[in-house]
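Notes for the one structure printed next.
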């Protein structure tokens, strides 16, 4: 329930009828067990397997040049009691304490890379440079890394978005169907 509904541990403890410390201890131990059991599932497939099973819309748009799509996302956390930890995890973008994780997803939709969690203050560029993803020959990006990519032979693509619109919802006319 905690993972699916993002229910606070305090509310979960009340519903189950146990103490908050018990819920926290059980949840933490299950997270460690999930990490141990699911870590082998996250793996980088062979390039030939990726190309053979690549969706047609990716083949049409990029040929055999796309290996993975990367994305940095933030997860809200409780406010740390230590000042240093609080400063490292505070995200001015979210205006909350967060941790930031970078994931890599193959065009087929499987997760092929998960970085360690970094404080929410960490920039996407810094996280990408220091999480180890560049050692795996990844090729796609969602943010500007032009100076970073000068030292690498990989080519990167930025997905195009609507231009000239302040909001997608203000677009007039029928919605365009997605090719993927």
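In the working numbering, the protein residues as written are -18 to 161. The beta carbon of each residue, even a glycine, is placed where N, CA and C say it ideally should be.
I think residue i touches residue j, with their Cβ atoms under 8 angstroms apart; what is that distance to the nearest whole Å?
i	j	result
residue 80	residue 100	7 angstroms
Output the distance between the C-alpha atoms of residue i and residue j, rounded to the nearest integer angstrom.
i	j	result
residue -14	residue 29	38 angstroms
residue 34	residue 97	28 angstroms
residue 86	residue 42	17 angstroms
residue 54	residue 84	8 angstroms
residue -9	residue 90	34 angstroms
residue -2	residue 4	10 angstroms
residue 9	residue 19	15 angstroms
residue 40	residue 27	17 angstroms
residue 88	residue 48	7 angstroms
residue 72	residue 111	19 angstroms
residue 7	residue 14	11 angstroms
Give me the residue from the options with the minimum Cα distance to residue i.
i	options	result
residue 104	94, 86 and 75	75
residue 45	32, 112, 38 and 111	32
residue 108	57, 36 and 52	52
residue 95	-4, 16, 65 and 37	16
residue 11	22, -16, 112 and 111	-16
residue 102	2, 65, 114 and -4	65
Residues in its own chain within less than 8 angstroms of residue i by CB, not counting five upstream and five downstream?
i	result
residue 162	Here the chain covers residues -18 to 161 and nothing more, so residue 162 does not appear.
residue 61	67, 70 and 78
residue 21	none
residue 23	92, 93, 94 and 95
Taking 6 angstroms as the limit between beta carbons, can you name the residues of its chain near residue i, skipping five residues before and five after?
i	result
residue 63	none
residue -12	-18
residue 57	77 and 79
Looking only at its chain, what residues have a beta carbon closer than 7 angstroms to the beta carbon of residue i, apart from the 5 residues adjacent to it on each side?
i	result
residue 0	-6
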